[in-house]
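J.: One structure, pasted below without further comment.
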Amino acid sequence: MVYWIFTASYVSGASGAEWSMNYTQQEICALNGSTVFMNGTFTHPEQLTVKKSFWAIDPVKNVEPNDLSKDPNYSGRVINLIDKRKFYLKLSNVTKKDEHRYCFRIITNKPDQKWLGKPEVTLQVTELHVESPGEVTEGQSVNLTCKTTCSLTDPTFIWYKDGRPLTTEMIQKNQQLHLQTVSSEDAGSYSCAVRGSEHLPSTAQTLRVRRDVSVSISPSGGIVEGSSVNLTCSSDGDPPVEIYTWFKEGGDSPVGSGHSYVPLQSGSYYCQAQNQHGTQRSMTLCTLKSHFIHLLLPTGKIYIYIYIYIIYIYIHIYIYIT
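Counting along the sequence shown from 1, when you hit position 98 you're at 96 in the working numbering, and nothing is skipped either side.
Right, dumping it as structure tokens:
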């Protein structure tokens, strides 16, 4: 990304002639690692000739500023140009250490005719940072924000998930990425960048999506008491379920624990699963039925009629005998 900096200042020389020096902005915000361009224009009385010009930082009153291009901290990163009434500064690979007040210095053919462009241009350097809740529950909506420490000029933000650009189907607004009704598929590492400076992305932040505990019990339905049965409770909670507890319907005290349970009495049973985010009970009840009726009455209407007929005969025989 290229940044152009301008502001305006007018300074009168000792002779009373008016000088002018123009930048475009007084403040600029740049991405860490980017290249900044500062430029502007100036005028001076015609009788003067520019002998030397350079950029300086953090000027101090009554102290001659130093040429920025000769500063070891800026070695190989500064290009200073002047063309008639225009001046330029190219500063590459900026970092937080480059946050200073920058000004342009002009020295003419007359020793007492020196000018320094004020007010200075203030440079701020920022890195991109993804602000994320870190962890959300499946079904919620979440906003991820691409944060800066200063205001970039008209940036267009690009979002990445696991290093791949997100499609236009994702809802993006200004510095935010809006994920609506998140699922486990939305879990991953998210980063952002500014269009034109895609090579300077933010550090990736991980978004974790946890699932509420969902419980099922098997086998379900009616089971004859005395038969061999092992009830199993399963869950797809994320993080995984840590505790399984078994209850008999109508009772408050647990009758068992663990992933499976072998019931010994007739009744309805359910399991309860718990992870670090909550507790959920199974919706399906397993009913353990008494086998007494089944021993007397085999399944089927025809057998019921037969038993009724037999009972009828026994009653009549009993009456006849007595």
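In this text, a Cβ means the ideal position worked out from N, Cα and C, and glycines have one as well.
#1: Taking the straight line between their C-alpha atoms, what separation do you get for P252 and I241?
#2: My output table needs one value for P296: the three-state DSSP class, helix, strand or coil.
#3: Apart from the five residues just before and just after V207, which ones in its own chain have a Cβ nearer than 7 Å to its Cβ?
#4: Less than 6 Å between C-beta atoms, sequence neighbours within five positions excluded: which residues of the same chain meet that for L198?
#5: Between which two residues does the beta strand (DSSP E) holding E16 run?
#6: Give the DSSP-derived three-state secondary structure of E62 in the structure shown.
#7: Provide the residue(s) that pair with Q278 in DSSP beta bridges, ordered along the chain.
#8: Measuring alpha carbon to alpha carbon, tell me which of E125, K68 and Y268 ends up nearest S258.
#9: Evaluate I313 with the Cβ neighbour count: other Cβ atoms within 10 Å of its Cβ, from every protein chain shown; 16 or more gives buried, anything less gives exposed.
#10: Is it true that the CB of W17 sits closer than 8 Å to the CB of W113?
#11: Check each candidate in D69, C101, L46 and S130 and name the one with the smallest Cα separation from F35.
#12: Hey, Q23 and V119: beta-carbon distance below 8 Å or not?
#13: Please state if the CB of E129 and the CB of T143 are separated by a distance shorter than 8 Å.
#14: Does the structure place the segment 50 to 62 close enough to the segment 227 to 246 that three or more beta carbon pairs sit under 8 Å?
T.: To lay it out plainly:
#1: Locating residue 252 in the sequence shown gives position 254, where the first residue counts as 1. Locating residue 241 in the sequence shown gives position 243, where the first residue counts as 1. Each residue's Cα considered, the two are about 12 Å apart.
#2: Counting from 1 along the sequence shown, the entry for residue 296 is found at position 298. The predicted model places P296 with a pLDDT of 47, which falls under 50 and marks its position as unreliable; any figure quoted below should be read in that light. DSSP places P296 in the coil class of the three-state scheme, outside both helix and strand.
#3: Here residue 207 refers to the residue found at position 209 when the sequence shown is read from its first residue. Its chain contains V134, E136, V180, S181, S182, D184 and A185 as the residues whose beta carbon lies nearer than 7 Å to that of V207, once the 5 sequence neighbours on both sides are disregarded; these appear in chain order.
#4: As a first step, residue 198 is located in the sequence shown; it is residue number 200 there, counting from the start. Once the five neighbours on either side are set aside, the close Cβ partners of L198 are L29 and G31.
#5: Taking the sequence shown and counting its residues from 1, one reaches residue 16 at position 18. If you look at E16, you'll find it in the beta strand (DSSP E) that goes E16 to N20.
#6: Taking the first residue of the sequence shown as 1, we reach residue 62 at position 64. Of the three classes helix, strand and coil, the one that applies to E62 here is coil, per DSSP.
#7: Looking up residue 278 in the sequence shown gives position 280. Q278 is bridged by DSSP to A271.
#8: Locating residue 258 in the sequence shown gives position 260, counting from the first residue. Taking only the C-alpha atoms, the option nearest S258 is Y268.
#9: Taking the sequence shown and counting its residues from 1, the one referred to as residue 313 is at position 315. Exposed, by the Cβ-count rule.
#10: Along the sequence shown, one-based indexing puts residue 113 at 115. Along the sequence shown, one-based indexing puts residue 17 at 19. Yes, Cβ-Cβ distance for W113 and W17 is below 8 Å.
#11: Taking the sequence shown and counting its residues from 1, one reaches residue 35 at position 37. Nearest of D69, C101, L46 and S130 to F35, Cα basis: C101.
#12: Taking the first residue of the sequence shown as position 1, residue 23 is located at position 25. Taking the first residue of the sequence shown as position 1, residue 119 is located at position 121. Yes, the pair counts as a contact, with Cβ atoms nearer than the cut-off.
#13: Taking the first residue of the sequence shown as 1, we reach residue 143 at position 145. Taking the first residue of the sequence shown as 1, we reach residue 129 at position 131. Yes, the Cβ-Cβ distance between T143 and E129 is below 8 Å.
#14: no
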